[in-house]
Amino acid sequence: MNESSSLRIRRLFYGSWIAQAVYAAAKLDLADLIDGGTRDVATLAERTGTNPEALYRVLRALAGEGIFTETGPREFGMTPAAIGLLSTGDDSVKNLAIFYGKEVHQAYGRILDSLKTGTPAIDAIYGMTLWAHMERDEETGEAFRRGMGATTWDEQLPLPQTYDFSGIKRLVDVGGGEGTMLAAVLHEHPEMTGVLVELPSGIDRTKRHFHEAGVADRAEIVEGSAFDVLPHGDGYMMSCVLHAMNDESSVVALSRIRDAIDPDGRLIILERIVAAPDEPSLAKILDVSMMLMNGGQERTEAEWHGLLAQAGFKLSRIVVLPYFSGGAELAAIEATPVPR
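If you're matching positions, the sequence shown starts at -1 in the working numbering and goes up one per residue.
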């Protein structure tokens, strides 16, 4: 039986309610408090400074979605899904839940503003760009950086096993966050050296990532941004960086790489490809989020061809990564410099 159109729409907006309950659970550290056994609501309320009845109702709703389990009268335990809300672990999305639940949720509340002005809703909310806001609000900035680091580990780790990096001697990762992706690539390719170009925040964690991966002696950190003069290399990588930029800024960033790359070098861009019309696509949803948050955008294959051409590159191939059942949308977009 096909669900009615009204039920379909209802299910969609119910999702935002559940997301905010997940945000509350992440913000209150509920998974950390429950982990290792079962906890009664009274104890959890005391530990979190919340109202016991209100907390019970939120936990009950989350348990109905498979996040936590109601093990007894007003008692809750962990589930596999709840593990993702722990503070530690490779599968943790706790910081993403906090960032999305606050910043992205606010931005979607102002979606009509962006539709009328064509500018990011975040700018209207804070009177400044998202990046300026995160510099001012250390807690938000930290949640974003840690959340993106966890996303890198979770989503992009298949790259070293599914994309052929052979032949690259010096790989420059532009805007590579805390270095988890570069560390994974260097670990798989012991003949390669790497350079991480990133802003100063999080450098201590980057050094730790390199040390833990056993690549610290082959990895260099250069403080800077995608818009600065870049160090030389025969391979360049940008991992979910350009989707946070509009076309004009993206061309500037890509041109910096074109100026620095070897004539026979390779550029590897990790992004999602927007699917054909009417096909379900996470990239289409993220595209709206980029519009609201920072004025960036997700792109179709044709748009990637055009963007790269403007900066002096030719798109040579796209390698889809084995992530997300039902069709991976994260892809390695390979480009080579056009002779000048």
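Think of the CB as a built atom: it goes at the ideal place given N, C-alpha and C, for glycine as much as any other residue.
Per the DSSP secondary-structure output, S237 pairs in a beta bridge with L268. When I267, E218, A330 and D276 are compared, the shortest CA-CA separation from R168 is found for E218. Nearest Cα to L157 within the set M179, T138 and P188: M179. Going by DSSP, D171 is part of no alpha helix (DSSP H) but of the beta strand (DSSP E) stretching over R168 to V172.
Boundaries around E51 are those of the alpha helix (DSSP H), P50 to G62, since no beta strand (DSSP E) includes it. Distance from the Cα of L252 is smallest, within the candidate group L305, E277, V220 and E301, for L305. Shortest Cα-Cα distance from I123 to any of E136, G116, G107 and F66 involves G107. Here DSSP, grouped into helix, strand and coil, assigns I65 to coil. Note that the C-beta distance between D135 and M76 is not below 8 Å.
When DSSP assignments are scanned along the stretch 243 to 307, the uninterrupted stretches of beta strand (DSSP E) that are 3 or more residues long and fall wholly within it turn out to be 259 to 270. Taking the Cα positions, Q104 is about 26 Å away from S237.
From the listed residues V286, M243, M235 and V239, the smallest Cα separation to G263 is found for M235. DSSP places R37 in the strand class (E or B) of the three-state scheme. If the five residues before and after D285 are omitted, its C-beta is found closer than 6 Å to the C-beta atoms of Q295 and E296, all from its own chain and listed in chain order. In the structure shown, E140 falls within a helical segment according to DSSP collapsed to helix, strand and coil. Nearest to H185 by alpha-carbon distance, out of E176, A214 and G173, is A214. Taken in chain order, the complete alpha helix (DSSP H) segments of 4 or more residues contained in the stretch 57 to 129 are 92 to 97, 103 to 107, 109 to 115 and 119 to 124. Rounded to the nearest angstrom, the Cβ distance from S112 to M288 is 11 Å, too far for a contact under 8 Å. Beta-bridge analysis with DSSP links R315 to E332.
A buried status is given to N93, since no fewer than 16 other beta-carbon atoms sit within 10 Å of its beta-carbon. Secondary structure note for G13: it is in no beta strand (DSSP E), and the uninterrupted alpha helix (DSSP H) holding it is S3 to K25.
Selection G173, V318, K114 and R254 evaluated against M146 yields G173 as nearest (Cα-Cα). Between I16 and E63, the CB-CB gap stays under 8 Å. Nearest to T298 by C-alpha distance, out of E269, F74 and Y161, is E269.
Counting only the Cα atoms, F311 lies some 18 Å from N244.
In the DSSP assignment, V195 forms a beta bridge with V172 and V220. As a beta-bridge residue in DSSP terms, G231 pairs with I259. Going by DSSP, H209 is part of the alpha helix (DSSP H) stretching over I201 to E210. Within the same chain, and ignoring the five residues on either side of V336 in sequence, the residues whose Cβ sits closer than 6 Å to its Cβ are G310 and K312. For A242, same chain residues with a beta-carbon under 6 Å away, outside a window of 5 residues either side, are N292 and G294 in chain order. Relative to the Cα of F225, the nearest Cα in the group A258, R206, T67 and I109 belongs to A258.
Around the beta-carbon of L194, 16 or more other beta-carbon atoms lie within 10 Å, marking it buried.
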